[in-house]
Every structure is written in C-alpha cells, then in structure tokens.
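Residue numbers (our numbering), protein chains in the order written: chain A, 26 to 346; chain S, 26 to 346. To start, the structure itself, in structure tokens.
There are 2 protein chains.
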Amino acid sequence: MRITALAGGVGGARFVRGLRHHLDATPGLGEAEVTVVANTGDDITLFGLRVSPDVDTLLYTLGGGVEEQQGWGRAEETHRVQAELAAYGALPQWFTLGDRDLGTHIIRSQWLGQGLTPSQVTARLAGRWGLPERRITLLPMTDDPVETHVVVADGEREAAIHFQEWWVRHGASLPAHRFVVAGLDRAAPAPGVLEAVRDADVVLLPPSNPVVSVGIVLGVPGVREALRETAAPVVGVSPLISGRPVRGHADACLRAIGVPESAAGVAGLYEDLLDAWLVDAADADTTLPRARVAVHDEPLLMSDVAAAGRIAAHALRLAEG
Amino acid sequence: MRITALAGGVGGARFVRGLRHHLDATPGLGEAEVTVVANTGDDITLFGLRVSPDVDTLLYTLGGGVEEQQGWGRAEETHRVQAELAAYGALPQWFTLGDRDLGTHIIRSQWLGQGLTPSQVTARLAGRWGLPERRITLLPMTDDPVETHVVVADGEREAAIHFQEWWVRHGASLPAHRFVVAGLDRAAPAPGVLEAVRDADVVLLPPSNPVVSVGIVLGVPGVREALRETAAPVVGVSPLISGRPVRGHADACLRAIGVPESAAGVAGLYEDLLDAWLVDAADADTTLPRARVAVHDEPLLMSDVAAAGRIAAHALRLAEG
C-alpha cells in the first residue's frame, strides 16, 4: 500500500507519526510506504541560515527527536548560540533557534550553498533521522523558493510581513487582510510529488492548517490537479473542533480568506478533491455536498501517538469504503 | 601614545591584553591607543561559515570571554551544535566549534553575506566585546581573501592542505615542505593598517608565530615597507625560549622555511625592520647585527596577565631608549 499525505508542521507530523504507528502495529500493513509532501512556504532565512520549519518538525517528530510537549524543535534543547547572536545585537530575536536545531539549519544551508536542491537536502536530513528505514519518504512540495507573506494593516496603509513574523512574533493576532505567497505561481512540484499523489492508494489530508500549510501545498501548480485526478481516495481530517483549531491559528487564517471557521468550512476548501472527511463528534452535524462525513469515536485530538494512530486508522477505513 | 601590534592568535592576544593591562595601570599611559593588526591567513570556511581564528582569539581574550587555560575559544563552552553536525555526517570534525563560538561565526558569515567587509565585520564584533572602550582598535590585516596552505608529502608527490588542517588536525606533525599563501601577493592592507604602522609611536611584534602569523601580516603588500619606513621604533618579543616555542608549533614552521629554531633565527626574519628584540635569559647570548637585544628579568612566559604586562612594559622601555 502506498499512502501519501500533504502536511504542515506539528499537526501533520503528529498525524503521520500516528499513521506509521498504526501501520507498523497492524498485521499486513507494516510494508506500506508513506510519502509526506511538506509545506515549504513558511521557510525563512535567519542569520543567513535557511530554516524550513515544517520540514524540520516532520524530521524531528518522525525521527524521534522532537520536543514532545511543544510539538516542534528538539528535545533537551539549549539556546546558547542564540544568546550570543543577541549579544551581538543580531535580529530578529522572536524566532527561537535552539542549539541542536541550529545544527540542522547550518548543514541545510551548507548543502544548499553547495548546489544541492531542497529535495536532495531533505533526503540527506531524513537519512540521519532514519525515515527511510521507517518507510517514510519526506518530500518538500517544491524545490523553488516560495515564501508566504501576510498582508496586515500598517496605520492607514497595508504592509506585507513574513508569515513567521505574523505567526510567531505576533501569534497571528494582527488581523490578516490576505496571504501573498511569493513564488507559488511559478513553483514546480519537487521530484516525486505528483507521482506520489497519482500513484498512491490513499491520499490523506492531515489536520494541518488548511490555509497556510495544506493550502500552500495544493497551490503548487499541478498538485491540486493531481489530487483531483488520482484514482486514490482522498480522505481528510478536520483541524477544527467546534470551529476552533486544536492548536495553532487556523481560525485566524480562515477569517483572512473569508471561509467559515468550521469543519464544513475547511472541507469546502477541498471540495473538488475530497472523498471523505473525518470530524469530531462536536461537528457531527457537518454535511458536505460531495464528500462523505464520518465522526470519530473519541475526541479528534492527537493527544498521544496511539490516539493519532486511531485517527489515522479511521481515515484509512474511510478510504476503503 | 599610539601603539601598534601585529598579532596572531593566542600569543598575540595574551601579549596585547598584558600591554593594555600595563598601560591602564600606569599613570599617564591609560590614554594610550592600541591598534592590533590581526593575521587572517588562517581563516577557514567550515560548514559554510567563515571562521577567523586569530581575530576571534583576539576578540575573546581582549573582551574577557576567552577560555583561559586553553587560550582560545569561549569560556564555559559547550559543543551541542557540533554534535548535531557530526550526527548529520558533516565533515570535518577535527576543528572544534563551540556553541558560543558559533554565534560569532554565524553573525560574521551573515554580515559578510550582506556585503560588509571583514574590516567592518571585525569592527562590529569588537563593539560587542567592548574593545573601543578599552582603547583597542582591532583591524584584520586585509579585507581580501588570504588562505595559508601547507605543502606536505603525499606518498611520492606533494599535496597542499589548509593551514588549519595541518595545525589542528595533524598538530603540525606532518613535515611541511613549504607554505603557500593563496591571495597574499594580491591582498591590499585593510583600511587603517598602513596608517597604524606609519603613525604609531611604537610598533610591537608580540611573541606570535613568526612564520604563519606575523610573517603573513608582513607579507601583505605594503605592510613590511611601512614597518621599515615608520619613524616608530619596532620592538619584538621572542616566541622561542632555548629554541622551543612557548606554545604552538613555531619550530616546525621555522624548519619548513629553513630558518634556525632560535631567538636569533626569528629575529633574522625581522632584520630589516627590527630595532630591539626581547629574549629570555636562556637566550642571553643572542646577538643581532642591527638590533639591540635585551634579556627579560624573569622567564619570558605570559603565565598570567600581570606577567604579560611586564613583558609588554619591558618592550615599551626598549622602544624608548
């Protein structure tokens, strides 16, 4: 079985980890191959180093190195380099760069500087984290530079700030007028991305942010069409419960693009490609014109690996019938 | 009073720190301005980051952040980033990169990437370390790329390896056939370097490595001529005692260029510009055709700041008469 998931950071990573846990624990499914297509629209260059937050969160979570409570960054992290950068007056300081995490950014930047593509770099990083042995292939959505910016009010005028500044520095509290995704319309899917969608037996949309994570991946020219055209069933998991995101700021993102903050609202963004949609019992009244809706039999929360595994298992059952 | 010193790493840094200590402790000398012209020939790019070992040792030593026993690197250092780089299989691992130290390399690389010159970067770094307040101006010898390579035997043939690989990885134990200093003949003195020599009241040659530190600085076109022509007395301190370097591998470097491993041998390298030469009592029999020789009244060891200060004070007295 070949399973392909489009993923952002924490939610996507926890979902895929649960999926892999479920597959490995289920007779006959251990050989299934999982391909993750990661959002790279929130990549950012800090202190001259290229940071790819969603890819890193996927690497650390799937490779067993994540800070579990936080959901991103490295376990047992320290921040001695960043303290030095601050002492030198280097900005910005609102983005946390742990020492262990910096090892990833430094080696990524070196490899990119040597001419490797983001795909090649990601494959090397994934090797260190043991993803191939876990039958997980991690692909960036594109090798082209894409950066999500957020248009916000700046007095009487508008200003565009990097997504990370809006998300991390401002906690998505500045009302977003719209998102401008630099480079997205010219981006080519990274090698293997379209094939992973076309040749999949199941395509999953984890409970990642529908606007700035999954939405960006779907915005890479060709990807959305591949999801529409694939013979594989496309099953999604709602990132909202009773209109509120389990974590992150999906509500603020939906508001910015004028989409109802609800499980149905999110599903509407996937209307042209979705076959089934898994929601929390609180959203049991969700009806969709084109996709089946299923209600999970416990809270739709990835509170631990096993719970995430049960959500993934439910999504796979929906794909079957 | 304006004092200019040409310096390498540990020896140069400890000497200048002692000099500053002496000046500040001596009535009427506290206002003296010290300019240090630092060797940048042993700079190296590691993991895409630009490392300038002698400049960093000067910054940390003069700024109070050095690991005192070791003589280089940062106090209370950790190596968590380097452990990550190793986990990613990144090479080389023979060069120690501490976490705090990496803060310097990252910000230097960022600033260089933004188009700042090494001089401008060094001035910014020196600002953080309080050098201007201490009346110390730190200048790189040049803003042009210069890299010292060491030609060694490679089976029947010869191979050139980076100076740091020879010095750090091999502990200078591979016999050096010769040094090849890439870029040195085309390098221009950094802004202020020639002026610092020409306008000085005293020029000091600390007990730095005469071949790969002071020798490289003197090799920047125009610098040697400036030392010859300056009206200021030029006073040097021997880096050898009884033919052996106090630290480092000056003996191996002298051997490579066919110069006697002695206080007189080193002074011979400076013959055209030296007015006085300070040696240890063990080398009291040193005679030089053109320069006065003085014997220090205690071991010529910079065992602490005060001892280094007494050596510097002796050098200043030699400059006077």
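All C-beta atoms, glycine included, are put in the ideal place defined by N, C-alpha and C.
* Secondary structure at residue 244 of chain A, three-state DSSP: helix, strand or coil? -> Residue state, collapsed to three classes: helix.
* Comparing alpha-carbon positions, which option in S:152, S:107 and S:248 lies nearest residue 131 of chain A? -> Of S:152, S:107 and S:248, the residue nearest in Cα terms is S:107.
* Asked: When the Cα atoms are used, what is the spatial distance from residue 268 of chain A to residue 248 of chain A?
  -> Their Cα atoms are separated by approximately 27 Å.
* Asked: In three-state terms, what does DSSP make of residue 284 of chain S?
  -> Correct three-state label for residue 284 of chain S: coil.
* **Cut-off 8 Å between Cβ atoms - residues of its own chain near residue 51 of chain A, not counting five sequence neighbours on either side** => Within its own chain, the residues whose Cβ lies closer than 8 Å to the Cβ of residue 51 of chain A, once the five positions on either side in sequence are excluded, are 338, listed in chain order.
* How is residue 188 of chain S classed by DSSP in three states: helix, strand or coil? -> The answer is helix: DSSP assigns residue 188 of chain S an H, G or I state.
* Below 8 Å between beta carbons: does that hold for residue 191 of chain S and residue 175 of chain S? -> Taking 8 Å as the cut-off, the beta carbon of residue 191 of chain S is found closer than this to the beta carbon of residue 175 of chain S.
* Asked: What alpha helix (DSSP H) runs, 4 residues minimum, are completely inside the segment 270-338 of chain A?
  -> Counting only runs of 4 or more, we get 275-281 and 288-294.
* Asked: What beta strand (DSSP E) runs, 3 residues minimum, are completely inside the segment 87-170 of chain S?
  -> Segments of the beta strand (DSSP E) lying fully in the segment 87-170 of chain S: 161-165.
* Asked: Applying the criterion that 16 or more other CB atoms from any shown protein chain within 10 Å of the CB defines a buried residue, is residue 116 of chain S buried or exposed?
  -> Around the beta carbon of residue 116 of chain S, fewer than 16 other beta carbons sit within 10 angstroms, so the residue counts as exposed.
* Asked: Relative to the alpha-carbon of residue 305 of chain A, which residue among A:232, A:128 and A:255 has its alpha-carbon at the smallest distance?
  -> Cα-wise, what sits closest to residue 305 of chain A is A:232.
* Which word fits residue 119 of chain A, buried or exposed, when buried means at least 16 other C-beta atoms lie within 10 angstroms of its C-beta? -> Classified as exposed, residue 119 of chain A has fewer than 16 neighbouring CB atoms from the shown chains inside 10 Å of its CB.
* Asked: Which one of S:59, S:124 and S:143 has the shortest CA to CA distance from residue 68 of chain S?
  -> That would be S:143, whose Cα lies nearest to the Cα of residue 68 of chain S.
* Asked: So who's on the other strand from residue 32 of chain S, going by DSSP bridges?
  -> Partner(s): S:63.
* Count the other CB atoms within 10 Å of the CB of residue 308 of chain S; is the residue buried (16 or more) or exposed (fewer)? -> Buried.
* Own chain residues within Cβ distance below 6 Å of residue 84 of chain A, not counting five before or after -> A distance below 6 Å between beta-carbons, with the five flanking residues on each side excluded, links residue 84 of chain A to the following residues of its chain, in chain order: 150 and 154.
* Which residue comes first and which comes last in the beta strand (DSSP E) that contains residue 201 of chain A? -> Looking at the DSSP string, the run of the beta strand (DSSP E) that includes residue 201 of chain A is 201-207.
* By Cβ distance below 8 Å, which residues in the same chain neighbour residue 317 of chain S in space, the five residues on each side in sequence not counted? -> These residues qualify, in order along the chain: 300, 301, 302 and 343.
* Asked: Between residue 181 of chain A and residue 148 of chain S, what straight-line distance do the alpha-carbon atoms span, to the nearest angstrom?
  -> Straight-line spacing of the CA atoms in residue 181 of chain A and residue 148 of chain S works out to 40 Å.
* Report the residue from S:263, S:297, S:298 and S:296 whose alpha carbon sits nearest the alpha carbon of residue 286 of chain S. => Minimum Cα distance to residue 286 of chain S is reached at S:263.
* **residue 219 of chain S, enclosing beta strand (DSSP E) - first and last residue** => Where residue 219 of chain S is concerned, there is no enclosing beta strand (DSSP E), although the alpha helix (DSSP H) it sits in stretches over 218-223.
* **6 Å Cβ shell around residue 103 of chain A - same chain, five flanking residues per side excluded** => Around residue 103 of chain A: 124.
* To do: Determine, using beta-carbon pairs with one atom in the segment 156-170 of chain S and one in the segment 223-232 of chain S, whether at least three such pairs fall under 8 Å.
  => No contact exists between the segment 156-170 of chain S and the segment 223-232 of chain S.
* Under the rule that 16 or more other beta-carbon atoms within 10 Å means buried, what is residue 205 of chain A, buried or exposed? -> Around the beta carbon of residue 205 of chain A, a 10 Å sphere encloses fewer than 16 other beta carbons of the protein chains shown; the residue is thus reported as exposed.
* So which residues on chain A does residue 124 of chain S lean against when the C-beta distance must stay under 7 Å? -> Those are 105, 106 and 124, listed as they occur along chain A.
* Asked: Using Cβ-Cβ distances below 8 Å, what residues of the segment 63-77 of chain S are close to chain A?
  -> Within the segment 63-77 of chain S, the qualifying residues are 72, 73 and 74.
* Using 8 Å as the limit for Cβ to Cβ distance, is residue 161 of chain S near chain A? -> For residue 161 of chain S, the answer is no, since every Cβ of chain A falls outside 8 Å of its Cβ.
* For the candidate residues A:70, A:251, A:212 and A:55, whose alpha-carbon lies nearest to that of residue 138 of chain A? -> If we check each option's Cα against that of residue 138 of chain A, A:70 comes out closest.
* Close-in-space but distant-in-sequence residues of the same chain around residue 47 of chain A (CB under 7 Å, 5 per side omitted) -> So the qualifying residues of the chain are 334, 337 and 338.
* For residue 55 of chain A, does the three-state DSSP call read helix, strand or coil? -> DSSP places residue 55 of chain A in coil when its eight states are reduced to three.
* Asked: For a contact meaning CB atoms closer than 7 Å, what does residue 134 of chain A contact in chain S?
  -> Those are 73, listed as they occur along chain S.
* **DSSP beta-bridge partners of residue 178 of chain A** => Residue 178 of chain A is bridged to A:183.
* Under the three-state reduction of DSSP, which class applies to residue 228 of chain S: helix, strand or coil? -> Strand, per DSSP.
* To do: Flag this pair as yes or no: are the beta carbons of residue 326 of chain S and residue 271 of chain S separated by less than 8 Å?
  => Residue 271 of chain S is positioned such that its CB atom lies closer than 8 Å to that of residue 326 of chain S.
* Measure the beta-carbon distance from residue 79 of chain S to residue 238 of chain S and round it to whole angstroms, keeping in mind my assumption that it falls under 8 Å. => Contact holds; Cβ gap of about 7 Å.
* **Proximity of residue 164 of chain S and residue 291 of chain S at Cβ, strictly below 8 Å** => Here residue 164 of chain S is not near residue 291 of chain S, since their CB atoms are 8 Å or more apart.
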